[in-house]
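Numbering (this note's numbering), first residue to last: 1 to 372. A virtual CB, placed ideally from N, CA and C, is assigned to each residue, including glycine. All values derive from a computational prediction rather than experimental measurement. All remarks here apply to the structure that follows.
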């Protein structure tokens, strides 16, 4: 495009004829008319509209398409899934904190993703989870996103899914557990064909992950936690690793329970021969169970006690409510007490005690309600 430069222009502006002062009108050249025409044609055809001589509203239609589809502001990515590129115009020479781009992704993302602009070094793509940590985002083909460089990474400001729903992972199997295969020789894997829901908004499947991403290697004489995160996938965490367990906590400690964005899938223990024993754990958004302890009886002036053990194998340590009961067979004094010895993700140990005075018989027991 250029400003009018035909004979008689005034500083590349049009002037009209003025005989009083002997001024000729500006010459409208073919070059200028063709330039103006091609500018309009470029806008219309750039919106994907075919020129139609009978339609004088095509420029308006083109502008509407640009606004609706954000063709004027969104850069469509190139590259391959997981390693995206865009070509900004005008080009940028270097990244600077605060730079912001509207991006349309041309393909689904990978577990970890990067973005490179105008051939500069690739930087990680991240979004912020519900607790303020930057994690790998979920990227889908056709997704429009605002992306801002913060000096280190490109932050996806409007993720395709809200990461704030306070919901635990929900494994969609009959018992809330992911099944696994022990291959021997220090290799275990998570089986295909299983799904779970993350934060109540997105369904993941083991089929989303390659065999290599689902197969993990063990070492002899170790205790591991198998965990899953939406950004990192599956990983084995060694309880002896100071990075994972800096305070040397017990395996059953509540610090290792499933959280909204970090699912404890299984406990894996290996012996000296690196033979793995796998205990898969129940992951449901709401964990609950009720236990009726089998009633026991005593007679005469005596006391009696009993230990109760219940296996639950949950991914979160339960909260417990308890009610002890006794049924004396006469009118004299009696008492019953029930209290916890230990409560973990995997086992519940309760102790009950009863005392009676000169009763022919007494039954005692308790009800236990668990919720996690």
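| request: Would you please verify whether the beta carbon of residue 128 is less than 9 Å from any beta carbon of chain D? | output: No chain D is part of this structure, which consists of one protein chain only.
| Between which two residues does the beta strand (DSSP E) harbouring residue 44 extend? | No beta strand (DSSP E) holds residue 44; the alpha helix (DSSP H) holding it covers 30-46.
| query | Of the residues 169, 13, 82, which one's Cα is nearest the Cα of residue 287? | reply | Comparing Cα-Cα distances from residue 287 to each of 169, 13, 82, the minimum goes to 169.
| query | Would the beta-carbon of residue 279 fall within 9 Å of that of residue 313? | reply | Cβ atoms of residue 279 and residue 313: closer than 9 Å.
| field | Under the three-state DSSP convention, the category residue 257 falls into | value | Three-state DSSP puts residue 257 in coil, outside helix and strand.
| Which of helix, strand or coil does DSSP assign to residue 223? | Here residue 223 sits in strand by DSSP.
| request: Measure the C-alpha to C-alpha separation of residue 4 and residue 33 and round it to an integer number of angstroms. | output: Straight-line Cα distance between these residues: approximately 9 Å.
| query | Helix, strand or coil: which one does DSSP assign to residue 299? | reply | Per-residue confidence for residue 299 stands at a pLDDT of 49, beneath the threshold of 50, marking its modelled position as unreliable; no derived number is given.
| said: Check whether the region 202-221 and the region 229-236 touch, using three or more Cβ-Cβ pairs below 8 Å as the test. | reply: The region 202-221, when compared against the region 229-236, does touch it at the 8 Å Cβ threshold.
| request: Please go through the same chain and pick out, in chain order, the residues whose beta-carbon is closer than 6 Å to the beta-carbon of residue 84, but skip the five residues on each side of it. | output: Only 77, 115 meet the Cβ criterion.
| task | Give a yes or no on whether the C-beta atoms belonging to residue 6 and residue 39 are separated by under 9 Å. | result | The answer is no: Cβ separation not under 9 Å.
| said: I need the boundaries of the beta strand (DSSP E) containing residue 211, first residue and last residue. | reply: Premise fails: residue 211 lies in the alpha helix (DSSP H), 211-214, not in any beta strand (DSSP E).
| request: Please confirm if the region 93-106 is in contact with the region 139-154, defined as three or more CB-CB distances below 8 Å between the two stretches. | output: Contact holds: three or more Cβ-Cβ distances are below 8 Å.
| request: Please state if the CB of residue 198 and the CB of residue 241 are separated by a distance shorter than 9 Å. | output: No, these two residues do not count as a Cβ contact at 9 Å.
| query | Do you know how far the Cα of residue 350 is from the Cα of residue 300? | reply | Note on residue 300: pLDDT 48, under 50, position unreliable in the model; the coordinate value appears next. Spanning the two alpha carbons is a distance of roughly 25 Å.
| Is the region 266-273 close to the region 211-228, with three or more CB pairs under 8 Å? | Taking 8 Å as the limit for Cβ pairs, the verdict is that the region 211-228 does touch the region 266-273.
| said: Considering only DSSP beta bridges, list what residue 105 is partnered with. | reply: Per DSSP, none; premise fails for residue 105.
| said: Here's the rule: buried if 16 or more other CB atoms are within 10 angstroms of the residue's CB, otherwise exposed. What is residue 318? | reply: If you draw a 10 Å sphere on the C-beta of residue 318, you find 16 or more other C-beta atoms in it, and that means buried.
| From residue 139 to residue 109, what distance separates their C-alpha atoms? | Between residue 139 and residue 109, the C-alpha separation is close to 5 Å.
| query | Who pairs with residue 264 in a beta bridge, going by DSSP? | reply | Its beta-bridge partners are 227.
| task | On the DSSP bridge assignment, give the partners of residue 17 in chain order. | result | Residue 17 is not bridged to any residue.
| Quick one: what's residue 80 bridged to in DSSP? | Answer by DSSP bridge pairing, in chain order: 83.
| request: Return the chain-ordered list of same chain residues with a C-beta closer than 7 Å to the C-beta of residue 187, the five sequence neighbours on each side being excluded. | output: So the list reads 215, 217, once near-sequence residues are dropped.
| residue 62 (DSSP reduced to helix, strand or coil) | Shown here, residue 62 sits in a helix according to DSSP, grouped into three states.
| message | Bridge partners for residue 235 per DSSP, in chain order? | response | Per DSSP, 227.
| Should residue 143 go down as buried or exposed, given a rule of 16 or more other Cβ atoms within 10 Å for buried? | Its Cβ being crowded by 16 or more others within 10 Å, residue 143 is buried.
| request: Can you say whether residue 281 is buried or exposed, counting buried as having 16 or more other CB atoms within 10 angstroms of its CB? | output: It is buried - the Cβ of residue 281 has at least 16 other Cβ atoms within 10 Å.
| Does the beta-carbon distance from residue 118 to residue 86 come in below 9 Å? | Cβ distance < 9 Å, so residue 118 and residue 86 count as in contact.
| request: Could you have a look at residue 26 and say whether DSSP puts it in helix, strand or coil? | output: Coil at residue 26, not helix or strand.
| field | For residue 317, three-class secondary structure by DSSP | value | Looking at residue 317 - three-state DSSP - the assignment turns out to be coil, as it is neither helix nor strand.
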